[in-house]
Amino acid sequence: MTLSLMCLPYAGGGAGVFRPWQNQPDLPFRVVPVQLPGRDEWFVQEPCTTMADAARVCADQIREAAGTGPYAVFGHSFGALLAYETVRLLASDGAPLPEHVLVSGAAAPGVGRPRMDGALLDDDAFVARLRDLVGYDHEAWHEPELRELLLPALRADLAVQDAYVPAPGPPLTMPVSVLRGAQDDLVRHEDAARWAEHTSCGARVVDVPGSHMYFTEDWPLLWKTLGTLLAARG
């Protein structure tokens, strides 16, 4: 049976980020985009204000999409922390669990990370702060009409991340693979390696070429890397 890859969005993103993956004919996994309120077809809904609320939204979608088949969970940056909390929630619910968790561009939970403090910044300062932190810019952030559509969800997600403190609890019971851009100045290799503290099955860090948003320059490399890691999950 083909393994399903549940894809959780990074800050400000939505399921639409991953829907083009579904058109790739040679991927060795079934792509299941997971949505959050405040974006794409759920644009009119208010974004989640806590990590626990976002995890519940994701867990409910994953339970329905997974059924009884095998699955894994993938998330980048904010989405990596969200993936971790979503799997913890699934475990506490007694739901079927993923075989593998793949996190990207994120230090382990509990490791200090730069704050955005977006509520203190106007839109121009917010975009500049984000660009300086992640080393990435997006043309839509500079178009007034698009900015008005995109920034509310992005601000909300980063406020959730600023406030996030992982609650004590048992480690994950499946392997964790950690992807990191080799030139990512936001996430140190040693902080990515600390994901091993959060699973009883070990964690492997894979450095790939690029910075924090490495995959925007080479989507096929990300797909190939994910396929290789998932093929080796057993």
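According to my numbering, the sequence shown is numbered sequentially starting from 68. Note that beta-carbon positions come from the ideal geometry of N, C-alpha and C, so glycine has one too.
Worksheet item: Among residues of its own chain, excluding the 5 on either side of E113, which ones have a beta-carbon nearer than 7 Å to its beta-carbon?
Response: Closer than 7 Å at the Cβ level, and outside the excluded window around E113, lie P104 and G105.
Worksheet item: Between P242 and the ligand NAD, is the CB less than 7 Å from at least one heavy atom?
Response: For the ligand NAD, the structure offers nothing, since it holds no ligand at all.
Worksheet entry | Alpha carbon of P238 to alpha carbon of D160, nearest angstrom | Roughly 15 Å between the two C-alpha positions.
Worksheet item: Using DSSP with H/G/I as helix, E/B as strand and the rest coil, what is F85?
Response: The answer is coil: DSSP assigns F85 none of H, G, I, E or B.
Worksheet item: To the nearest angstrom, how far is it from the Cα of G146 to the Cα of D258?
Response: So the alpha carbons of these two residues sit roughly 17 Å apart.
Worksheet item: Can the beta-carbon of L303 be found less than 8 Å from the beta-carbon of A78?
Response: What is shown of the chain runs 68 to 301, which leaves residue 303 out entirely.
Worksheet item: Helix, strand or coil: which one does DSSP assign to V168?
Response: In the structure shown, V168 sits in a strand (DSSP, three-state: E or B).
Fill in: Inside the stretch 209-295 only - beta strand (DSSP E) runs reaching at least 3 residues
Within the stretch 209-295, the complete beta strand (DSSP E) segments at least 3 residues long are 243-248 and 270-275, listed from N- to C-terminus.
Discussion item. If I follow the unbroken alpha helix (DSSP H) through S71, where does it start and stop?
Written reply: Per DSSP, S71 belongs to no alpha helix (DSSP H); it is in the beta strand (DSSP E), S71 to L75.
Worksheet entry | Per-residue burial, D189 [other beta carbons within 10 Å of its own, 16 or more giving buried] | Exposed, because fewer than 16 other Cβ atoms sit within 10 Å of the Cβ of D189.
Worksheet item: According to the neighbour-count rule (16 or more other Cβ atoms, all chains shown, within 10 Å of its Cβ), is F110 buried or exposed?
Response: By the 10 Å Cβ count, F110 comes out exposed.
Fill in: Residue environment, L148, which counts as buried when at least 16 other CB atoms sit within 10 Å
So L148 counts as buried.
Discussion item. Using the Cβ count rule (16 or more neighbours within 10 Å means buried), how would you classify R247?
Written reply: Burial of R247 is indicated by the presence of at least 16 other C-beta atoms within 10 angstroms of its C-beta.
Worksheet item: When DSSP labels each residue in this structure, what does G354 get in the three-state scheme?
Response: The question about residue 354 has no answer, for the chain in this structure spans 68 to 301.
Worksheet item: When we look at the beta-carbon of R180 and count the other beta-carbons within 10 Å, is it buried (16 or more) or exposed?
Response: Only buried fits R180, as 16 or more other CB atoms lie within 10 angstroms of its CB.
Worksheet item: Can you tell me whether DSSP reads R198 as helix, strand or coil?
Response: Helix.
Practice prompt. Measure the C-alpha to C-alpha separation of V84 and P76 and round it to an integer number of angstroms.
Written response: Straight-line Cα distance between these residues: approximately 7 Å.
Item to complete: May I ask which residues mark the beginning and end of the alpha helix (DSSP H) holding R97?
Response: It is not in any alpha helix (DSSP H) - R97 instead sits in the beta strand (DSSP E) that spans R97 to P100.
Item to complete: Mind the definition here: the stretch 162-176 touches the stretch 250-268 only if three or more C-beta pairs lie below 8 Å; say whether that holds.
Response: A contact exists between the stretch 162-176 and the stretch 250-268.
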